[in-house]
Amino acid sequence: MVEWTDFERTTIQDIFSKMNYEVVGQQALARCLIVYPWTQRYFGNFGNLYNAAAIMGNPMVAAHGTVVLHGLDRAVKNMDNIKAAYAELSVLHSEKLHVDPDNFRLLGDCLTIVVAAQLGAGFTPEVQAAFQKFLAVVVSSLRRQYH
Amino acid sequence: MSLSAKDKLAVKTFFDKVASKAEDIGSEALARTLFVYPQTKTYFSHWADLSPGSPQVKKHGLTVMNGVLSAVGMMDDLKGGLLTLSELHAFMLRIDPANFKIINHNLLVVLSLMFPEDFTAEVHVSVDKFLAQVSLSLSEKYR
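Shown next, in the form of structure tokens:
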């Protein structure tokens, strides 16, 4: 069972309640595809991913980024049982999407960097620690059903 | 994943722009390394104060960042240029090279929050590659 401090709970709720999902989702996924180009392997049908400009302007990337970010809502709403909340999504990513779980960490790192840019000085070391802990729990839960 | 001409240019241009803030960048990155990844504090048990604003963190953050900035000038031969620093890290400091990834991540976070307009995805990928190469060169003399 993951123990959350009051500060951690408040921080996570706060970040997500103020989140612009369309902007942050698009930014995070696009950045992941640009910074770690091998992640493009999962998006063969997304059309033009030939360079950074194409990826940034790609509407399918933008739409999917939003979907993925909303996927985190499940954890935000169920912080005391993220493992159970992601059981189904974990099976999906493993059995149907065949995503190497290492990619979850890569996307998580890109999301951290995008949120840092959004919050600026507000992304204090304490906020960073809470956010990264949250993402680590989500990533761990998404990895659980792989075998 | 070696540095292309485009990477080198992106890295040089970006770091030339932000070099004046070396102390802020370095000390923030180090502070976050110590705070968000507490196991890294084990390398600084000889410091009185490991908290984010402490003078030791500030001073050492600048030292580390100056190292990164000097590496920007050595991109055509990082291994050669960082030989002495590699020996320092390998034989004297004996920092587990896994920690290089940690400080690199925190450097990226700090660069992103301090320079959101300039730290574009294209700059991000080039800087990430550069820091990875620096880490590799720093690890060179370990064994």
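Protein chains in written order, with the working numbering: chain A, 1 to 147; chain B, 1001 to 1143. Backbone N, C-alpha and C define an ideal beta-carbon position, used for all residues, glycine too. Quick caveat: nothing in here was measured; it's all calculated off a predicted structure.
Residue i, DSSP secondary structure in three states
i	result
T66 of chain A	helix
E1117 of chain B	coil
F1130 of chain B	helix
H147 of chain A	coil
R41 of chain A	helix
H1124 of chain B	helix
N58 of chain A	coil
V76 of chain A	helix
G1073 of chain B	coil
T5 of chain A	coil
H1105 of chain B	helix
A1048 of chain B	coil
F46 of chain A	coil
D109 of chain A	helix
E1140 of chain B	coil
K1058 of chain B	helix
S1002 of chain B	coil
T1013 of chain B	helix
G71 of chain A	helix
G1080 of chain B	helix
Whether residue i touches residue j by CB criterion (8 Å)
i	j	result
S32 of chain A	L92 of chain A	The sequence shown places Cys at residue 32 of chain A, rather than the Ser named in the question. Against a cut-off of 8 Å, the Cβ pair of L92 of chain A and C32 of chain A comes out as no contact.
S1137 of chain B	K1079 of chain B	yes
L1113 of chain B	L119 of chain A	yes
L1062 of chain B	E1023 of chain B	yes
V1123 of chain B	M1075 of chain B	no
L142 of chain A	F104 of chain A	yes
F134 of chain A	A75 of chain A	yes
I55 of chain A	A30 of chain A	yes
I82 of chain A	V139 of chain A	no
M79 of chain A	R9 of chain A	yes
A1029 of chain B	P1052 of chain B	no
A53 of chain A	P1116 of chain B	no
P1097 of chain B	S1135 of chain B	yes
Proximity winner among the options, relative to residue i (alpha-carbon distances)
i	options	result
A129 of chain A	B:V1127, B:A1132, B:V1109 and B:V1125	B:V1109
D1118 of chain B	B:H1060, B:S1004 and B:F1014	B:F1014
Y36 of chain A	B:A1090, B:M1001 and B:Q1133	B:M1001
L1003 of chain B	B:E1140, B:K1141 and B:D1128	B:D1128
W38 of chain A	B:R1094, B:K1141 and B:V1125	B:V1125
E1140 of chain B	B:V1064, B:F1091, B:H1060 and B:P1116	B:F1091
Q1133 of chain B	B:A1071, B:I1102 and B:L1093	B:A1071
L1107 of chain B	B:K1006, B:D1007 and B:V1018	B:V1018
N1066 of chain B	B:G1053, B:L1085, B:D1049 and B:D1077	B:L1085
G57 of chain A	A:E95, A:I34, A:K96 and A:S90	A:I34
S90 of chain A	A:D14, A:L111 and A:Y146	A:Y146
C110 of chain A	A:Q26, A:T11, A:D6 and A:R144	A:Q26
I1095 of chain B	B:Q1056, B:G1081, B:T1042 and B:G1026	B:T1042
I1103 of chain B	B:L1088, B:W1047, B:S1045 and B:S1027	B:S1027
H98 of chain A	A:Q13, A:I12, A:F43 and A:S17	A:F43
Q1039 of chain B	B:K1006, B:N1099, B:T1120 and B:W1047	B:N1099
I1025 of chain B	A:A121, A:Q13 and A:A136	A:A121
Neighbouring residues, chain E, relative to residue i (Cβ below 7 Å)
i	result
D109 of chain A	This model lacks chain E altogether; the protein chains it does include are A and B.
beta-carbon residue i near the ligand ATP non-hydrogen atom, thresh 7 Å
i	result
A1031 of chain B	As far as ligands go, the structure on display features none, and thus does not contain the ligand ATP.
inquiry  = Residues of the segment 1084 to 1113 of chain B in Cβ contact with chain A at a cutoff of 7 Å, in chain order, please.
reply    = So the list reads H1105, L1108, V1109, S1112 and L1113, given in the order they occur along the chain.
task = May I ask you to list, following chain order, the residues of the segment 31 to 49 of chain A that have a beta carbon less than 7 Å from some beta carbon of chain B?
result = For the segment 31 to 49 of chain A, which is checked against every Cβ of chain B, the residues closer than 7 Å are R31, I34 and V35.
key: Where the segment 118 to 141 of chain A meets chain B: residues whose CB sits under 9 Å from a CB there   = Residues Q118, L119, G120, A121, G122, F123, T124, P125, E126, Q128, A129, Q132 and K133.
request  = Below 8 Å between beta carbons is the criterion; list the residues of the segment 1050 to 1081 of chain B that meet it against any residue of chain A, in chain order.
outcome  = Within the segment 1050 to 1081 of chain B, the qualifying residues are P1052.
query = If we count Cβ pairs, one from each stretch, closer than 8 Å, do we get three or more for the segment 111 to 126 of chain A versus the segment 1032 to 1043 of chain B?
reply = Using a Cβ-Cβ distance cut-off of 8 Å, the segment 111 to 126 of chain A and the segment 1032 to 1043 of chain B are in contact, since at least three pairs of beta carbons, one from each stretch, lie closer than that value.
request  = Check distances from the C-beta atoms of the segment 1121 to 1139 of chain B to those of chain A and list, in chain order, the residues that come in under 7 Å.
outcome  = Against chain A - using a Cβ distance shorter than 7 Å - the residues of the segment 1121 to 1139 of chain B are A1121, E1122, H1124, V1125 and D1128.
ask   = Given 8 Å as the limit, is there contact between the segment 59 to 72 of chain A and the segment 14 to 27 of chain A, that is, 3 or more CB pairs closer than that?
value = The answer is yes - the segment 14 to 27 of chain A touches the segment 59 to 72 of chain A, with three or more Cβ pairs under 8 Å.
key: Selection of the segment 1026 to 1041 of chain B by Cβ proximity to chain A, strictly under 7 Å   = Within the segment 1026 to 1041 of chain B, the residues whose Cβ lies closer than 7 Å to some Cβ of chain A are A1031, R1032, F1035 and V1036, listed in chain order.
query = Listed from N- to C-terminal order along the chain, which residues in the segment 54 to 72 of chain A have their beta-carbon within a distance smaller than 9 Å of any beta-carbon of chain B?
reply = Against chain B - using a Cβ distance shorter than 9 Å - the residues of the segment 54 to 72 of chain A are I55 and M56.
task = Could you list the residues in the segment 71 to 99 of chain A with a C-beta less than 8 Å from some C-beta on chain B, going in chain order?
result = Of all residues in the segment 71 to 99 of chain A, none has a Cβ within less than 8 Å of some Cβ in chain B.
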